[in-house]
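Per this note's numbering, the sequence shown runs over residues 8 to 76.
C-beta atoms are modelled at their ideal positions from N, C-alpha and C, and glycine is treated no differently.
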Amino acid sequence: MHDHVYKHVELTGASDQGPQEAIESAISRASDTIRNIRWFEVAQIRGSVDNGKISHWQVTVKLGFTLEG
């Protein structure tokens with residue numbers, strides 16, 4: 008069995024729909040240029056409020072991916 012070595016990056020996804028969509032946005036965009044994404048960790052959730060209602064979500068995630076080679 009090979010030992011896995013992971014590298015991680017921190018990204019912030021945004022959505023006006025909800026936190027899950029913000030996470031999916033960040034992972035989707037990252038997968039355009041990063042291969043072998045294996046895990047994510049939610050580091051922070053924040054949002055904007057307009058007239059007493061949530062108007063926008065921002066979710067910062069750490070993405071882990073295995074190194075090739």
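Next item on the list: Could you check what DSSP says for Gln65 in three-state terms: helix, strand or coil?
Entry: The count along the sequence shown starts at 1 and reaches residue 65 at position 58. If DSSP states are grouped into helix, strand and coil, Gln65 belongs with the strands.
Margin query: I need the boundaries of the alpha helix (DSSP H) containing Glu75, first residue and last residue.
Written below: Reading the sequence shown from its first residue, position 68 is the one you call residue 75. Counting along the chain, Glu75 falls outside any alpha helix (DSSP H), and DSSP gives it neither H nor E.
Checklist line | Simplified DSSP assignment, three categories, for Ile41 | finding: Position 34 of the sequence shown holds residue 41. In this structure, Ile41 counts as coil in the three-state DSSP scheme.
Next item on the list: Return the CA-CA distance between Arg42 and Gly71, expressed in angstroms with no decimal places.
Entry: As a working note, residue 42 is residue 35 in the sequence shown. As a working note, residue 71 is residue 64 in the sequence shown. Distance between the alpha carbons of Arg42 and Gly71 is about 10 Å.
Margin query: Assuming Ile34 and Phe47 are in contact, meaning their beta carbons sit under 8 Å apart, how far apart are those beta carbons, in whole angstroms?
Written below: On the sequence shown, residue 34 is found 27 positions in, with the first residue counted as 1. On the sequence shown, residue 47 is found 40 positions in, with the first residue counted as 1. Ile34 to Phe47, Cβ: 6 Å. Contact.
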